[in-house]
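Enquirer: Could you have a look at this structure, given as structure tokens, before my questions?
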Amino acid sequence: MTMKTSTRQVNGVTIVDCSGRITLGEGSVILRDTVRDLLAKGNKKILLNLADVTYIDSSGIGEMVSAFTTVRNQGSELKLLNLTKKVHDLLQITKLYTVFDVKDDEAAAVKAFS
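Structure follows, in structure tokens:
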């Protein structure tokens, strides 16, 4: 199953609903292109909704870190929403859980943007 994304706006925050697998190849490229397109269009507040992401490999993790760094370097914000247990555990193991701003509630996540 390849990764799919759809974007929507809520109170000035761009929510990217991701589903499928973020893996080497197409999945990580889709994530990279989506984030770059949003930044190019001037979206400064990006929330990645990972509720329907079933799997992330090391390449996918690298792409998420890269997206986070790119967003931050442009003075923008990137947060994660609705991690599955698998993805949550993966971020804990890799010590990236403390790097990303992770939220469980969409309304609270939207409010958390400065």
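Residue numbers (the working numbering): 629 to 742. For each residue, glycine too, the CB sits at the ideal point set by N, CA and C.
(1) Are there 16 or more other CB atoms within 10 angstroms of the CB of Val727, so buried, or fewer, so exposed?
(2) Should Arg649 go down as buried or exposed, given a rule of 16 or more other Cβ atoms within 10 Å for buried?
(3) So the alpha helix (DSSP H) Gln720 belongs to, where does it begin and stop?
(4) Using 10 angstroms around the beta-carbon of Val644, count the other beta-carbons present and answer buried if the total reaches 16, otherwise exposed.
(5) Answer yes or no: does any C-beta atom of chain B fall closer than 7 Å to that of Val730?
(6) Pick out whichever of Glu654, Asp729, Ser704 and Leu666 has its Cα sitting closest to the Cα of Asn710.
(7) Would you report the Cα separation of Ile721 and Leu708, rounded to the nearest angstrom?
(8) Should Asn677 go down as buried or exposed, given a rule of 16 or more other Cβ atoms within 10 Å for buried?
(9) Gly703 and Lys673 look like a contact to me (Cβ under 8 Å); what is the Cβ gap, rounded to whole Å?
(10) Mapping the DSSP letters down to three states, classify Ser704 as helix, strand or coil.
Expert: On the basis of the supplied data:
(1) Burial call: exposed.
(2) buried
(3) Annotation: the continuous alpha helix (DSSP H) that includes Gln720 extends over Lys713 to Ile721.
(4) buried
(5) This model lacks chain B altogether, as it is built from one protein chain only.
(6) Asp729
(7) Cα atoms of Ile721 and Leu708: separation of roughly 17 Å, rounded to the nearest angstrom.
(8) Counting every other CB atom within 10 Å of its CB across the protein chains shown gives Asn677 a total of 16 or more, marking it as buried.
(9) Not quite, the Cβ-Cβ distance comes to about 11 Å (not below 8 Å), so this is no contact.
(10) coil
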